[in-house]
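Residue numbers (the numbering used here), protein chains in the order written: chain A, 1 to 160; chain B, 161 to 605.
Yeah, the Cβ is synthetic: ideal placement off N, Cα and C, and Gly gets one too.
Quick caveat, the model's predicted, so the values are computed rather than measured.
Notes to accompany the following structure.
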Amino acid sequence: MSSIAPQDLIDFVYREARLLDELDYEAWLNLFTEDGRYWMPAEWRQTDPLLQSSLMYEDRLLLRVRVERLSGARTFSQKPKSRAQHLLQAPQIDLFEPDAGAFRTWTSFHYVETRNDVQTLYAGWATHDLVLLEGTLKIKLKRVDLLNFDAPHGNIQLFM
Amino acid sequence: MDRYRDNPAALRALVRETEVHRDVYIDPEVFDLEMRHLFAETWVYVGHASQLPEPGDYLAATVGYQPLLVVRHSDGSIHVLYNRCPHKGTRITTEPCGNTGKFFRCPYHAWSFRTNGKLLSIPLKKGYEHTGLEEAEAVEGLRPVANVHVYRDFVFVKLNEGGQSFEAFFGESLSSIDNMIDRSPEGRLVIEGAPLRYLHGCNWKMLVENQTDTCHPMVAHESSAGTAVSVWEREQVEGAKRPMAVEVYSPFMSSYEFFEGMGIRVWPNGHGHTGVATSIHADYSAVPGYMEQMTASYGEERARRILDENRHNTVYFPNIMVKGPVQTLRVFIPLAADKTLVESWTFRLVGAPDMLFERTLMYNRLINAPTSIVGHDDLEMYERAQEGLRADANPWVNLQRLYQPGERHDVTEVINGTSERQMRNQFHAWVSFIGSSMERQPAGA
Ligand code: FES
Ligand SMILES: [Fe+2]
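Below, the structure written as C-alpha cells:
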C-alpha cells in the first residue's frame with residue numbers, strides 16, 4: 001500500500017472486526033504496532049488511561065497473555081469457549097493525514113459475546129488511531145468506549 | 161414452608177465446627193434473613209468522607225434491603241438517612257452521588273428537608289392545620305439510621321438499635337485501615353477513579369471467603385497469572401525491567417509454602433486477614449521519592465514500620481475487603497442468593513507520587529474488573545459452585561483445612577496461611593449476629 005485512500009481505512013476497520021469474529025487472534029495481534037495499545041475506559045469522555053480508571057489498558061504483552069490464555073489447557077472459564085460478533089456502522093474518518101502517516105476513524109458498533117447459553121449485547125464506539133508502517137496500516141491505539149461503561153458487567157472475555 | 165424464618169435454632173444448625181450447610185449459599189429464605197438481620201446487626205461500610213467534600217454532597221448506599229443516603233450537613237457532620245420521603249415514600253435521590261445544595265426537596269410534592277434530615281417546609285402547609293400533623297411520624301423528616309460511626313473518614317452504620325458498639329465490633333482489626341491511611345505522607349486518603357463494578361452469578365459469601373482462600377491462586381489462576389509469567393519469560397528483552405503488570409500478576413503463582421508462611425490473623429466478630437509475615441504485595445518495585453516523603457513525615461523508623469506491613473486481604477465482616485498496600489476497597493453487595501454485585505474502589509494516597517495511584521488503578525483493572533482474566537478464573541469457580549451445590553449428594557460444604565479440635569472463636573490468633581480458619585471465623589460470626597438479631601426481634605416485627 002504506497003498511498004492510502006479513505007476507503008483503505010474503512011476496509012481496515014471492517015477487517016479487524018472480522019478477524020475478531022473469526023477468532024483469528026494471531027492475525028489480529030499483528031495489526032498492532034510494537035507499542036500499540038487496546039484501551040477500554042471506565043469513565044465518560046476519559047482523557048487519561050493511567051490516572052483515571054479503565055476496564056482495560058493493555059500493551060501487546062498483556063494482549064498476548066489474553067490471547068494465549070484463551071486457548072490454555074487449564075483455562076476453565078473457556079470451557080466451553082466464548083464466541084463474538086461485531087455489527088459495525090460505517091466507520092467515519094476523523095483524521096486523514098497521509099503525509100504525517102496519521103489516521104483516525106470512529107465507528108459505532110453493537111457487539112455480542114456468547115458462552116454457554118448466555119448471550120450478551122454491548123454497544124459503544126470504537127476509535128482507531130492508525131499509522132502507516134512500511135506501507136502497512138497498523139493500530140497504534142484502539143479505544144473502545146462502552147455505552148454503559150459504568151454498569152455492572154459480567155465476564156467480558158473477548159475483544160470488542 | 162418456612163424452615164428458618166421463625167426458627168433461630170434451625171438457622172444455627174446450618175453452621176457446624178468444620179462444615180456449613182449448602183442452604184447458606186442457595187436458600188432464598190436464608191438470604192432474606194441475612195438481609196433483614198445480618199446487615200442490620202453488624203457495622204456495615206457505606207462510603208468514604210472524601211466522596212462528600214462539600215456541604216450538601218451526598219451518595220446513595222444500600223444496606224440489606226434498605227436504601228440510604230449519606231450526606232454532608234452544613235456544619236460539616238456526616239448524616240446517614242433512609243432514602244424515603246416521610247410523606248408518601250418516594251425516594252428522595254436516585255443518582256449514585258451529587259450535591260443537593262442547602263436542602264433535599266422531594267420531587268413529588270416538594271416537601272423539603274435539611275441536610276440532617278429535619279423537615280424544613282411543606283407547600284400549602286395550611287392544609288395540615290388542625291389535622292394533628294405534629295403528632296405524625298412524618299414531621300420528623302427523613303429518618304436517620306440508628307448508629308453511624310465515622311472512623312478516620314470511613315463511614316459505617318448499624319441499623320439495629322442494640323448490639324455491639326463500633327469499638328467492640330472492630331477492635332484491633334482497624335489496624336488494617338490505619339495502615340492503608342498511614343501510607344499517605346499526609347495521613348489522608350481520597351477516593352478517586354470510578355469504581356469497577358462486576359456482576360457475579362453466585363452467593364456473596366463465596367466472594368468474601370475467597371479473599372482468604374490461599375490454596376486456589378496457583379490452581380485457578382494458572383491460566384491468567386501463569387500465562388502472564390510464561391509469556392513474560394519467553395518474550396522479555398535481555399536486561400529489561402519487569403513491567404508493573406508482571407509484578408502484579410506473577411505473585412499469584414507463588415507456591416503453597418509461600419502462602420503457608422505468609423500467615424493469617426483472625427480477629428473476633430468475623431474479621432481477619434491474610435499476609436501477616438509477608439504477602440503477594442511485598443515485592444513491588446520502590447516508587448522514586450516515596451520513601452523520602454514518608455521519612456520526612458513519620459521519621460525513618462515509623463515510615464519503615466508502616467511500609468513493611470504488607471497485609472494481603474483484610475476482611476471486615478460482613479462484606480468488605482481492604483487491601484492496604486494497594487489502596488483498594490472491595491464491597492460485596494448481595495442482590496439475591498445467587499447474585500452479587502462487587503464494587504472495587506481505589507484510593508489515592510494524598511501527597512504521594514502519582515505512580516502509586518497508577519499502580520492502584522492498574523491492579524484494580526488487572527484483578528477486579530469484569531474484563532480481568534483473574535476475575536474470569538474466580539467467577540467461573542463461584543458459578544460452578546453455585547450450580548454444583550444443587551446436587552443432593554451431600555448438603556455440606558467442607559471448611560476443615562488446618563482445623564484443630566477445640567478451636568476457639570472470637571479470639572485474636574495468627575495461624576498457618578493456608579488455614580480455612582478465617583472462613584470458619586466468618587461463619588461463627590454469621591450465625592451469632594443473625595441469631596442475636598432474630599432473638600431480639602422475632603419475625604413479623
Ligand atoms: S411523596 Fe414526597 S412530598 Fe409527597
Ligand atoms: Fe482468585
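Chain-ordered neighbours of residue i on chain A, where CB pairs are closer than 9 Å
i, result
"P530(B)", "L55, P152, H153, G154, N155, I156"
"A169(B)", "Here the premise fails: no neighbours, minimum Cβ distance about 37 Å."
is_contact[residue i, chain B] using C-beta, thresh 8 Å
i, result
"T127(A)", "no"
"A90(A)", "no"
"T75(A)", "yes"
"L61(A)", "yes"
"E43(A)", "yes"
"E113(A)", "no"
"R37(A)", "no"
"V65(A)", "yes"
"G124(A)", "no"
"P6(A)", "no"
Chain-ordered chain B contacts of residue i [CB-CB under 9 Å]
i, result
"T136(A)", "Chain B residues near T136(A): none, gap ~22 Å exceeds 9 Å."
"V13(A)", "Near V13(A) there are no residues of chain B at all, since even the closest Cβ is about 21 Å away, more than 9 Å."
"R143(A)", "Under the 9 Å cutoff, chain B gives no residues; its nearest Cβ is about 14 Å from R143(A)."
For residue j and residue i, the rounded distance between their alpha carbons
i, j, result
"G604(B)", "R312(B)", "Here G604(B) scores only 48 on pLDDT, less than 50, and its place in the model should not be relied on; the value that follows carries that caveat. Roughly 38 Å separates the two Cα atoms."
"E543(B)", "E134(A)", "48 Å"
"C266(B)", "G101(A)", "56 Å"
"G236(B)", "S272(B)", "20 Å"
"L20(A)", "W28(A)", "7 Å"
"R172(B)", "S592(B)", "8 Å"
"D570(B)", "S53(A)", "38 Å"
"M515(B)", "P355(B)", "19 Å"
"T531(B)", "H431(B)", "29 Å"
"P152(A)", "L359(B)", "5 Å"
"A446(B)", "G261(B)", "43 Å"
"D677(B)", "A306(B)", "Nothing can be reported for residue 677(B): it is not among the residues displayed for chain B, which extend from 161 to 605."
"E398(B)", "T488(B)", "33 Å"
"L146(A)", "A42(A)", "8 Å"
"N339(B)", "T572(B)", "18 Å"
heavy atom of ligand 1 below 7 Å from residue i C-beta
i, result
"T250(B)", "yes"
"L242(B)", "Going by the sequence as given, residue 242(B) is Tyr instead of Leu. Every heavy atom of ligand 1 is 7 Å or more from the Cβ of Y242(B), so no."
"Y288(B)", "no"
"C245(B)", "yes"
"A446(B)", "no"
"W427(B)", "no"
Contact test: residue i Cβ vs ligand 2 heavy atom, cutoff 7 Å
i, result
"P377(B)", "yes"
"A298(B)", "no"
"V534(B)", "yes"
"H381(B)", "yes"
"N524(B)", "no"
"N528(B)", "no"
"N370(B)", "yes"
"D48(A)", "no"
"D537(B)", "yes"
Test: residue i CB closer than 8 Å to a CB of chain A
i, result
"I533(B)", "yes"
"R550(B)", "no"
"W144(B)", "Outside the shown range of chain B, which is 161 to 605, sits residue 144(B), and nothing can be said about it."
"L536(B)", "Correcting the residue identity first, residue 536(B) is His in this sequence and not Leu. Chain A, which has a Cβ nearer than 8 Å to the Cβ of H536(B), makes this yes."
"V397(B)", "no"
"V175(B)", "no"
"A405(B)", "yes"
"R232(B)", "no"
"E321(B)", "no"
"L356(B)", "yes"
"F412(B)", "no"
"N540(B)", "The residue you asked about is not Asn; residue 540(B) is Glu in the sequence shown. Yes, E540(B) counts as interfacial toward chain A."
"R284(B)", "Per the sequence shown, the amino acid found at residue 284(B) is Leu instead of Arg. Judged by the 8 Å Cβ criterion, L284(B) is not in contact with chain A."
Residues that residue i contacts on chain A, provided the C-beta gap is smaller than 8 Å
i, result
"A512(B)", "Per Cβ cutoff of 8 Å: no residues; A512(B) is ~13 Å from chain A at best."
"N524(B)", "S53"
"T506(B)", "S53"
"L521(B)", "L50, L51, Q52, S53, S54"
Where residue i meets chain A, residues with beta-carbon distance less than 7 Å
i, result
"G353(B)", "Q52, S53"
"A388(B)", "V65"
"L229(B)", "By Cβ distance, chain A contributes nothing, its closest Cβ being about 20 Å from L229(B), past 7 Å."
8 Å Cβ cut-off: residues of chain C touching residue i
i, result
"P213(B)", "No chain C appears in this structure, whose protein chains are A and B."
Per-residue contacts from residue i into chain B (C-beta, under 7 Å)
i, result
"G72(A)", "S383, T387"
"E68(A)", "T387, V391"
Report task. Counting only runs of 4+ residues fully inside the segment 279-352 of chain B, write out the alpha helix (DSSP H) ranges in chain order. Result -> Counting only runs of 4 or more, we get 326-330, 335-342.
Query raised in the report: Enumerated in chain order, which unbroken segments of the alpha helix (DSSP H) with a length of 4 residues or greater are wholly contained in the segment 26-114 of chain A?
Result: Correct list: 60-70.
Query - Length at least 4, wholly inside the segment 349-374 of chain B: the alpha helix (DSSP H) runs in chain order - result: List check, alpha helix (DSSP H) in window: 364-370.
**Report entry** Complete runs of the alpha helix (DSSP H) confined to the segment 483-547 of chain B [at least 4 residues]
**Finding:** Along the length of the segment 483-547 of chain B, whole alpha helix (DSSP H) runs at least 4 residues long occupy 514-523, reported in chain order.
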